[in-house]
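In the order they appear, the protein sequences are chains A and B.
Residue numbers 785 to 1225, in this note's numbering, belong to the letters of the first sequence in order.
Residue numbers 785 to 1225, in this note's numbering, belong to the letters of the second sequence in order.
We treat Cβ as the ideally placed atom computed from N, Cα and C, and that holds for glycine.
Owing to the predicted nature of the structure, the values given are computational and were not obtained by experimental measurement.
There are 2 protein chains.
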Amino acid sequence: MEQRRTCKSQMEAARSGEITAEVREAARFEGIEPALLRDMIASGTAALPANRRHLKLEPRAVGRKLKTKINVNMGTSRDIEDAEGELEKVRLAEKLGAHALMDLSSAGDTRRLRRTIIETSPLMIGTVPAYDTVARANKPLREITSDDWIESVRLHAEDGVDFQTIHAGLTKRLAEEIIQRSKTGARLTGLVSRGGSLLFAWMAETGKENPYYERFDEVLAICAEHEVTVSLGDSCRPGSTADSSDGAQIGELIVLGDLVQRARKAGVQTIVEGPGHMALDEIEANMAIARRLCGDAPFYVLGPLTTDIAPGYDHITAAIGGAVAAAAGAAFLCYVTPAEHLRLPTLEDVREGIIASVIAAHSADIAKGVPGARDRDDRMSRARQNLDWEQMFTLAVDPEKARLYRSQSEPSEKDSCTMCGKLCAVRNVNRVISGEASDVL
Amino acid sequence: MEQRRTCKSQMEAARSGEITAEVREAARFEGIEPALLRDMIASGTAALPANRRHLKLEPRAVGRKLKTKINVNMGTSRDIEDAEGELEKVRLAEKLGAHALMDLSSAGDTRRLRRTIIETSPLMIGTVPAYDTVARANKPLREITSDDWIESVRLHAEDGVDFQTIHAGLTKRLAEEIIQRSKTGARLTGLVSRGGSLLFAWMAETGKENPYYERFDEVLAICAEHEVTVSLGDSCRPGSTADSSDGAQIGELIVLGDLVQRARKAGVQTIVEGPGHMALDEIEANMAIARRLCGDAPFYVLGPLTTDIAPGYDHITAAIGGAVAAAAGAAFLCYVTPAEHLRLPTLEDVREGIIASVIAAHSADIAKGVPGARDRDDRMSRARQNLDWEQMFTLAVDPEKARLYRSQSEPSEKDSCTMCGKLCAVRNVNRVISGEASDVL
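Spelled out as structure tokens, the structure:
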């Protein structure tokens, strides 16, 4: 397989002062000086996931001081093995402005789908090798070997995956703690991380230590060789607001922080994954603690969902939590769809999930003061002030939906809408300011 | 028309130490001591809108230290005069757990619809007399008299309206400032308040002062007589993130704060209305400033929408801003539908808007530590841990949608879903904790 570059890794290059082509392109996307981004990558406060074999990649960096990035999950499941349907989600993610894509396939010919995506998509591609270890196994869980878990990392690295979720933080000690906390009722929803639960079950059945933790240096060596960014999975992610910020979650974060330091020493870029379900009043504190414990490594959150009672609407609970998290320092938002907790998302679910994430990320970027973040908003506001509907549609996050909504309800006054008609505030105030009489009556 | 009580107003009764039947019922809903609520009402930090003629009312109080309340707007427009359709929205608001309903009708037989709603709905009913002044007028705007504007307040009070938005803050001086700020470009989206714009146009055409400001004592006398809560409208509400927290918005808030004090002296309960479009990083500060300027009067926000670019999804931008605002002290959320900025909402738009508001308010109540707020979440989390799908549906904000989503995608493993099937984390961890082997493979 062809490789883009074979010399230094992004982190090594950055540390030696070099500005790579990828850094240059990612900096251009941010609208910042390449040297600034290079320094963030050198220190590990930004990551630029770019596997040498992902030739189609349009490089993007992830970091607290950069534009908030969005990830879209897709992938086959045992119940729905429709690779073509999953590829449609890839195309939709590209179209709607996602920055990354995680292929979470757990059934069918996972390698073929993964390679197809890497060959065709410019988005950063992530995977979870633990899922694929189980998907590829033709034997009982307990017969999976420590080598098998590691082998998936190598396989995905060779295939050109840009970042891999490695569930290295769930040590045997933490797994035992989860059992205790569950039995005493101190933790309401034990483990809700799929990858974490697989390792948890494997450790219980074999009595062995988590191979990703025990052999983390080997994982790092593979990732260094193929230039894979390690995304440290949070197996103890809270699955309920009742469990957020508990000893298990924060205990694992301490382990992840130590692993970040080991990865940095090995010249491997890292991202740290975070919650989960979490009440609104805990989010800022969590972002600050994660920043401190993990050396300001880019923090990648799933949600957080600010209430547990909204299945069917968790794109909204996640948009609330995600906007607040990103404004407080989360660098990377994993989208959540309305199907969360209910089913594998359909294409329409994926659309709604992406747009909610785009809104959350953009709201955070305005709040963070990302340079130029509000330009599009200001253009939209000017279009509104001018009652320029075509321009409003063009600037909307979803021009099709905006256009459809209006077309389904045509106003008698062409410049207004059916909410207000001639009573439109903008219309009247414009007339008054320009010296005309209003025509409300 | 029959009246519920003819003695003291809620505020007078509270100040004399009396606990009215309405206070008792509203306190029961909150799960707090009636005396505590009575004291909030006496000081004006909570409002209990309850027109004596609204016999069907189930009394609810609005205040920073209470459960966050939700308002649903409905009403006919000139383009869509379908009173029956609007009544369906009323029933939906009741069903989905809204607390208040504003009838914003601006066309057709507005009085008949208003009276029907008051006769049949237990929700707090609000109106905007400025709209109705124009809807009822059979003459050019400039021929509407100062008396006409005031007359609508009396009419609505007599009809049994519980709270009225009175646009008293837009003084002639502020209106002139809006013109200046718009001409210099200091303000991007002049006025976006419909009621405010009507008074703005009227003042421009007649040269007169805002009658609601000039004759505020008369307004208070009417409201005192009929026990109407004054909701002080924010005509200078920012219509874009570019305009938020600007001199016009805050300048008007200063006027509203003074009017709150006058109302309190007159024994009239008040609510203060607020933004609008506003970036996430300004919301907390705005809640604190409003609290100080307006003597901790219940603050009633429309959104805030945290970005301008999401027409078709403003229920989501408003859920983000509303959750943050309510967690920071806003007492009352006006719902926003996906149709905002595009058309009069359909019934389906109303449904989506209400549920997004319910999610925002509930997320805030958890964050604020409202007693018992998280109980339903914990029950949901327990149901998830037990893979008890029926219980999950029962506890969901929208059981129908949750059930539909799952039914459209039946899993092969009945206790899991099509996302994970046998790889379900909860399923496996439960098996391991109870000593069974996992059956992922």
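How about T1130/B: is its C-beta nearer than 9 Å to some C-beta of chain A?
Position 346 of the second sequence, counting from 1, holds the residue named residue 1130/B. It does: the Cβ of T1130/B has a partner Cβ on chain A nearer than 9 Å.
Can you check which of these residues, K1206/A, A891/A, A1140/A, is closest to A1107/A by C-alpha distance?
Here residue 1107/A corresponds to residue number 323 of the first sequence, with the count starting at 1. Selected option, being the one with the closest Cα: A1140/A.
In the segment 1055-1125 of chain A, which residue ranges form an unbroken beta strand (DSSP E) of at least 3 residues, counting only runs that do not cross its ends?
If we require 3 residues or more, the beta strand (DSSP E) runs fully inside the segment 1055-1125 of chain A come out as 1083-1086, 1116-1118.
Bridge partners for A887/B per DSSP, in chain order?
Position 103 of the second sequence, counting from 1, holds the residue named residue 887/B. As written in the sequence, residue 887/B is Asp, which differs from the Ala given in the question. Residue pairing by DSSP places D887/B opposite M858/B, T911/B in a beta bridge.
Assuming Q964/A and V1012/A are in contact, meaning their beta carbons sit under 8 Å apart, how far apart are those beta carbons, in whole angstroms?
In the first sequence, residue 964/A corresponds to position 180, counting from 1. In the first sequence, residue 1012/A corresponds to position 228, counting from 1. The Cβ separation is near 34 Å, so there is no contact.
Residue range of the alpha helix (DSSP H) that S981/B falls in?
Taking the second sequence and counting its residues from 1, the one referred to as residue 981/B is at position 197. Counting along the chain, the alpha helix (DSSP H) containing S981/B begins and ends at 978-990.
With distances taken between CB atoms, is the gap from P1059/A to V1039/A smaller than 9 Å?
Along the first sequence, read from residue 1 onward, the residue named residue 1059/A stands at position 275. Along the first sequence, read from residue 1 onward, the residue named residue 1039/A stands at position 255. Not a contact, by the Cβ cut-off of 9 Å.
Residues that DSSP places opposite G974/A in a beta bridge:
For the purposes of this step, residue 974/A is taken as residue 190 along the first sequence, with counting starting at 1. DSSP output for G974/A lists no bridge partner at all.
How far does the alpha helix (DSSP H) with T900/B in it extend, from its first residue to its last?
As a first step, residue 900/B must be located in the second sequence, where it is residue number 116. T900/B -> alpha helix (DSSP H) spans 894-904.
Specify whether the segment 1181-1193 of chain A and the segment 1138-1157 of chain B touch according to this definition: at least 3 beta carbon pairs, one from each stretch, less than 8 Å apart.
Contact between the segment 1181-1193 of chain A and the segment 1138-1157 of chain B is absent, because fewer than three Cβ pairs lie under 8 Å.
Among A1109/A, A1069/A, T852/A, which residue has its Cα nearest to the Cα of P1088/A?
For the purposes of this step, residue 1088/A is taken as residue 304 along the first sequence, with counting starting at 1. Comparing Cα-Cα distances from P1088/A to each of A1109/A, A1069/A, T852/A, the minimum goes to A1109/A.
In this structure, does DSSP put V807/A in helix, strand or coil?
Working through the first sequence from its first residue, we reach residue 807/A at position 23. Under the three-state reduction of DSSP, V807/A is assigned to helix.
In the segment 1133-1185 of chain A, which residue ranges form an unbroken alpha helix (DSSP H) of at least 4 residues, counting only runs that do not cross its ends?
For the segment 1133-1185 of chain A, whole alpha helix (DSSP H) runs of length 4 or above, ordered along the chain, are 1159-1169, 1173-1179.
Status (buried if at least 16 other CB within 10 Å, exposed otherwise) for D1223/A
The residue labelled residue 1223/A in the question sits at position 439 within the first sequence. So D1223/A counts as exposed.
By how many angstroms is the C-alpha of A1050/B removed from the C-alpha of C1007/B?
Looking up residue 1007/B in the second sequence gives position 223. Looking up residue 1050/B in the second sequence gives position 266. Rounded to the nearest angstrom, the two C-alpha atoms are 10 Å apart.
Burial state of K851/A, where buried means 16 or more other Cβ atoms lie within 10 Å:
Here residue 851/A corresponds to residue number 67 of the first sequence, with the count starting at 1. It counts as buried.
Under a CB-based cut-off of 9 Å, is K873/A close to chain B?
The sequence position of residue 873/A within the first sequence is 89, counting from 1. It does not; no Cβ of chain B falls within 9 Å.
Between S1024/A and T973/A, how many whole angstroms is the CB-CB distance? I'm expecting something under 8 Å.
Counting from 1 along the first sequence, the entry for residue 1024/A is found at position 240. Counting from 1 along the first sequence, the entry for residue 973/A is found at position 189. At roughly 4 Å, the Cβ-Cβ gap stays under 8 Å, so S1024/A and T973/A are in contact.
When the Cα atoms are used, what is the spatial distance from I864/A to A884/A?
As a first step, residue 864/A is located in the first sequence; it is residue number 80 there, counting from the start. As a first step, residue 884/A is located in the first sequence; it is residue number 100 there, counting from the start. If you draw a straight line from the Cα of I864/A to the Cα of A884/A, it is about 22 Å long.
For the 8 Å Cβ check, are there 3 or more pairs between the segment 904-915 of chain A and the segment 973-982 of chain A?
At 8 Å Cβ cutoff, the stretches touch.
Going by C-alpha to C-alpha distance, which of A891/B, L1188/B, T1130/B, C1078/B sits closest to R848/B?
Along the second sequence, read from residue 1 onward, the residue named residue 848/B stands at position 64. Comparing Cα-Cα distances from R848/B to each of A891/B, L1188/B, T1130/B, C1078/B, the minimum goes to C1078/B.
Is A810/B near R836/B, with beta carbons less than 9 Å apart?
Counting from one through the second sequence, the residue named residue 810/B turns up at place 26. Counting from one through the second sequence, the residue named residue 836/B turns up at place 52. A810/B is not a Cβ neighbour of R836/B, given a cutoff of 9 Å.
So, at 7 Å on beta carbons, what are the nonlocal neighbours of D1199/B in its own chain, with the 5 sequence-adjacent residues on each side left out?
Your numbering for residue 1199/B matches position 415 in the second sequence. Only L1171, R1211 meet the Cβ criterion.
Contact list for Y997/B against chain A, beta-carbon separation under 7 Å
Locating residue 997/B in the second sequence gives position 213, where the first residue counts as 1. In chain A, no part has a C-beta under 7 Å from the C-beta of Y997/B; the shortest such distance is about 18 Å.
Does any C-beta atom of chain B lie closer than 9 Å to the C-beta of A985/A?
By 1-based counting over the first sequence, the position of residue 985/A is 201. A985/A counts as touching chain B.
Which residue comes first and which comes last in the beta strand (DSSP E) that contains T949/B?
Here residue 949/B refers to the residue found at position 165 of the second sequence. Per DSSP, the continuous beta strand (DSSP E) segment holding T949/B begins and ends at 947-950.
Can you round the beta-carbon distance between L821/A and A830/A to whole angstroms, since I take them to be within the 8 Å contact cut?
Taking the first sequence and counting its residues from 1, the one referred to as residue 821/A is at position 37. Taking the first sequence and counting its residues from 1, the one referred to as residue 830/A is at position 46. Correct: roughly 6 Å between the Cβ atoms.
Name the two residues that bound the continuous beta strand (DSSP E) containing L1016/B.
Translated into the one-based positions of the second sequence, residue 1016/B becomes position 232. That run of the beta strand (DSSP E) goes 1013-1016.
Proximal residues to A1102/B (C-beta, below 6 Å), its chain only, five neighbours per side dropped
Along the second sequence, read from residue 1 onward, the residue named residue 1102/B stands at position 318. The residues are G1087, L1089, V1120.
Candidates V1154/A, A1063/A, E796/A: which alpha carbon is nearest I825/A's?
Here residue 825/A refers to the residue found at position 41 of the first sequence. I825/A has its Cα closest to that of E796/A, out of V1154/A, A1063/A, E796/A.
Assuming S905/A and S861/A are in contact, meaning their beta carbons sit under 8 Å apart, how far apart are those beta carbons, in whole angstroms?
Working through the first sequence from its first residue, we reach residue 905/A at position 121. Working through the first sequence from its first residue, we reach residue 861/A at position 77. 20 Å between Cβ atoms; not a contact.
Would you report the Cα separation of I950/A and R1187/B, rounded to the nearest angstrom?
Numbered from 1 along the first sequence, position 166 holds the residue referred to as residue 950/A. Numbered from 1 along the second sequence, position 403 holds the residue referred to as residue 1187/B. In a straight line, the C-alpha of I950/A is about 34 Å away from that of R1187/B.
Short of 6 Å in beta carbon distance, which residues of its chain neighbour A798/A, apart from the five on each side in sequence? Order them along the chain.
Here residue 798/A refers to the residue found at position 14 of the first sequence. The answer, listed in chain order, is R822, I825, A826.
In its own chain, which residues sit with a C-beta less than 7 Å from the C-beta of S1028/B, not counting the 5 before and 5 after it?
For the purposes of this step, residue 1028/B is taken as the residue at position 244 of the second sequence. The answer, listed in chain order, is P1022, P1059, G1060, H1061, M1062, A1063, E1066.
Shortest alpha-carbon distance to E1057/A belongs to which of P1122/A, R1048/A, I1034/A?
In the first sequence, counting from the first residue as 1, residue 1057/A sits at position 273. Relative to the Cα of E1057/A, the nearest Cα in the group P1122/A, R1048/A, I1034/A belongs to I1034/A.
Is it true that the CB of C1201/B sits closer than 9 Å to the CB of H1125/A?
Within the first sequence, numbered from 1, the residue matching residue 1125/A stands at position 341. Within the second sequence, numbered from 1, the residue matching residue 1201/B stands at position 417. H1125/A is a Cβ neighbour of C1201/B, given a cutoff of 9 Å.
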